[in-house]
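Protein chains: 2
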Amino acid sequence: MGAIILNGKEVASQWEKKNSLRVQNLKAKGVNICLAVARFNDDEASKVYVRKKVAMCEKLGIKPILIEEEGLDQEKIENRVSSLNKDKEINGIIVQLPLPKGIDKERVLSLVSPEKDVDGLNVFSCGLLYKNMPGLRPCTPSGIIHLLKEYKIDLVGKRAVILGRSQLVGLPIFLMLLHENATPTIVHSKTKDLKNICKEADILIVATGRAKMVNREYVKEGAVVVDVGISRIEGKIVGDVDFEDVFDVAGYLTPVPGGVGPLTIMSLMENVINAASIQAGIKDDAF
Amino acid sequence: MGAIILNGKEVASQWEKKNSLRVQNLKAKGVNICLAVARFNDDEASKVYVRKKVAMCEKLGIKPILIEEEGLDQEKIENRVSSLNKDKEINGIIVQLPLPKGIDKERVLSLVSPEKDVDGLNVFSCGLLYKNMPGLRPCTPSGIIHLLKEYKIDLVGKRAVILGRSQLVGLPIFLMLLHENATPTIVHSKTKDLKNICKEADILIVATGRAKMVNREYVKEGAVVVDVGISRIEGKIVGDVDFEDVFDVAGYLTPVPGGVGPLTIMSLMENVINAASIQAGIKDDAF
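Dropping the structure here:
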């Protein structure tokens with residue numbers, strides 16, 4: 001016996017088919033979708049990520065525009081983003097994070113209008129999430145909700161504990177779980193008695209960025225454990241959860257790799273398709 | 288023995304002096320502050336509230352503009368709010384809630400620009416709160432934080448449980464407590480085992496709107512209990528907490544009336560003063 005594996009790769013593959021179909025349907029209605037991916041940093045991981053996003057666009061029939069410019073100052077970055085935002089051909093814009101040191105991230109993100117903010121990270125998009133109003137949502141937490149729903153995991157009334165309070169994962173998944181009628185708690189580095197609070201969780205979302213931090217002592221028997229972490233230890237990719245140790249305690253468990261990762265990019269693709277269909281005024285199944 | 292009473296009335300009275308001084312200082316620098324209060328509903332409680340706000344403005348030396356118009360449709364309400372928003376004399380705008388039935392609240396609130404959104408309720412203001420960026424915050428939760436700080440109640444790492452998830456109180460106080468490094472949980476009508484979760488709280492914020500709902504069974508020995516409720520039972524004003532029953536269990540307790548209530552209006556006044564000083568480009572002690 002052991003946990004049921006939440007197979008993100010398989011779920012993403014089904015989701016990809018659905019997204020691909022939507023792209024074709026929109027094309028048949030004359031809507032050609034275009035995503036701009038802008039990298040201004042010189043970060044190696046970012047280079048890999050932007051290429052993955054571009055490749056997935058191509059696979060789905062979405063036109064990617066890749067902007068890779070390093071060494072720009074605040075003003076030039078703002079100009080680039082503003083002109084992408086004005087371009088009517090472009091339905092969605094990603095500004096790959098992190099931005100270079102000294103660049104005001106929020107000012108740059110604020111130049112992407114909410115309709116094109118497919119990363120769901122600017123102030124207005126976050127406000128829409130907070131209020132549970134229609135809008136583009138951050139990709140990783142959307143992917144997690146999608147995964148839990150695919151496995152028909154009941155969220156209503158359940159205690160959810162979120163380890164980590166980042167804007168990319170912790171904060172938005174908190175709100176999404178609350179909007180799904182779960183009972184969420186955020187724990188973080190300042191939390192006292194962290195282990196025991198995690199152990200109260202029916203659903204434990206781990207996004208600390210600390211490799212293998214969460215072992216069986218953090219996990220209630222039968223809990224759903226979602227591991228958002230990704231680190232490399234001695235050439236091996238591992239998550240924030242000690243998979244082997246937690247495997248026979250958890251009821252459900254995401255592997256790393258092949259858990260949350262593949263869903264994030266598919267969630268992004270869905271955002272791009274939603275953005276395009278809304279901009280075209282077509283009610284396909286966006287929102 | 289019994290709980291230490293968190294005397295909101297007294298704290299508000301000190302805060303009023305501080306606010307009054309800021310108004311005078313700004314006046315000396317040529318900044319005259321003006322708040323527009325608009326009531327479009329025919330709600331009796333709202334009539335009382337708007338008058339209280341106007342009276343407090345007058346007391347502090349802030350010029351109030353009171354707009355009371357009932358029976359307007361969506362378009363007319365939007366026109367009124369837009370013209371208040373354009374008016375450069377006006378530093379802050381309150382649209383008294385609830386709006387009449389059939390009126391799209393979010394559309395109306397979105398017409399108040401974030402710099403004048405002294406209720407802190409529109410999408411952008413909520414996004415700023417979410418991201419912990421400078422901005423105007425909802426008044427009741429700001430008042431609660433002010434009260435806890437005045438009593439030097441340590442929030443860092445503490446378990447905070449918020450009963451209720453409204454946009455006026457539950458959601459924003461959750462984020463504010465998180466930003467203060469507490470460990471917050473939101474519980475609500477769908478939560479299982481609600482009583483026991485409340486009993487884990489070092490800080491219990493009760494905002495359910497259900498009179499005397501929370502008795503000693505919900506409260507950990509020594510906990511800080513903040514009662515946001517206000518109901519009238521047989522002519523007597525009571526909160527969501529059964530004060531007498533909780534009194535000798537809690538470590539700190541707000542009374543009703545005289546607890547959170549007086550702080551909400553003072554928090555609003557602070558928002559108006561902050562808005563005016565920022566609009567004038569004066570660094571007094573806003574933010």
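These protein sequence lines map, in sequence, to chains A and B. So the first sequence is residues 1 to 287, counted in my numbering. So the second sequence is residues 288 to 574, counted in my numbering. Virtual Cβ for every residue (Gly too), placed ideally from N, Cα, C.
Partners in chain A for B/P471, counting only beta-carbon separations shorter than 8 Å: T185 and I186
In three-state DSSP terms, what is A/L204? strand
May I have the straight-line CA-CA distance separating B/Q311 from B/K340, to the nearest angstrom? 18 Å
Hey, does B/T495 have any beta-carbon neighbour from chain A nearer than 8 Å? no
Where do the ends of the alpha helix (DSSP H) carrying A/I65 lie? A/I65 -> not in any alpha helix (DSSP H); beta strand (DSSP E) instead, spanning K63 to E68.
Less than 8 Å between the beta carbons of A/A201 and A/A250, yes or no? no
Under 8 Å Cβ-Cβ, which residues of chain A neighbour B/E297? Correct list: empty, because the minimum Cβ distance to chain A is about 30 Å.
Proximal residues, the region 117-136 of chain A versus chain B, C-beta separation under 8 Å: N122, V123, F124, S125, C126, G127, L128, L129, Y130, K131 and M133
Between B/D529 and the rest of its own chain, which residues show a CB-CB distance below 6 Å, the 5 nearest in sequence each way excluded? K499 and N502
Mark B/N366 as exposed unless 16 or more other C-beta atoms lie within 10 angstroms of its C-beta, in which case mark it buried. exposed
Measure the Cβ-Cβ separation of A/E115 and A/Q14 and say whether it is below 8 Å. no
Could you spell out where the beta strand (DSSP E) holding B/K314 opens and where it closes? Run containing B/K314: none in the beta strand (DSSP E); it sits in the alpha helix (DSSP H), G295 to A315.
State whether the region 473-487 of chain B contacts the region 516-526 of chain B, with contact taken as three or more CB pairs (one from each stretch) at a distance under 8 Å. no
Go to A/L35, then tell me how far its beta strand (DSSP E) extends in each direction, as first and last residue. C34 to R39
How many angstroms separate the CA atom of A/G261 from the CA atom of A/P141? 11 Å
At least one CB of chain B closer than 8 Å to the CB of A/L171: is that the case? yes
Evaluate contact between the region 98-110 of chain A and the region 131-138 of chain A, counting only Cβ atoms and requiring at least three cross-stretch pairs below 8 Å. no
DSSP three-state assignment for B/R497, whether helix, strand or coil: coil
Looking only at its own chain, which residues have a Cβ that is under 7 Å from the Cβ of B/V559, when we skip the five neighbours before and after it? I320, L322, I349, N378, G379 and V405
Going by C-alpha to C-alpha distance, which of A/E68, A/V31 and A/E180 sits closest to A/Y49? A/E68
A/T185 (DSSP reduced to helix, strand or coil): strand
Assuming the contact rule is C-beta atoms closer than 8 Å, A/G258 and A/K9 should be a hit. Round their C-beta distance to whole Å, please. 4 Å
Can you find a CB in chain A that lies within less than 8 Å of the CB of B/K439? no
Quick one: what does DSSP say B/V533 is sitting in, helix, strand or coil? helix
Distance between A/M176 and A/V226 (C-alpha atoms, nearest Å): 15 Å
Could you give the distance in angstroms between the alpha-carbon of A/V256 and the alpha-carbon of A/N122? 28 Å
Using the rule of at least 16 other Cβ atoms within 10 Å of the residue's Cβ for burial, across every protein chain shown, is B/E362 buried or exposed? exposed
Return the chain-ordered list of same chain residues with a C-beta closer than 8 Å to the C-beta of A/E244, the five sequence neighbours on each side being excluded. none
Can B/M343 and B/I517 be called in contact, C-beta distance under 8 Å? no
Output needed for A/L171: all residues of its chain with C-beta closer than 7 Å, excluding positions within five of it in sequence on either side, in chain order. R165
Indicate whether at least one CB of chain B lies closer than 8 Å to the CB of A/R140. It is Thr, not Arg, that sits at residue 140 of chain A in the sequence shown. It does not; no Cβ of chain B falls within 8 Å.
Spell out whether any CB of chain B is found under 8 Å from the CB atom of A/R107. no
Comparing the C-beta of A/Q167 with each C-beta of chain B, is any distance below 8 Å? yes
From which residue to which residue does the beta strand (DSSP E) around A/R80 run? Unbroken run through A/R80 is the alpha helix (DSSP H), Q74 to K86; no beta strand (DSSP E).
Let me check understanding here. Comparing Cα to Cα, which of B/V443, B/N328, B/L359 and B/L434 lies closest to B/S550? Strictly speaking, residue 550 of chain B in this sequence is Leu, with Ser absent from that position. B/L550 has its Cα closest to that of B/L434, out of B/V443, B/N328, B/L359 and B/L434.
Hey, is B/N468's beta-carbon within less than 8 Å of any beta-carbon in chain A? yes
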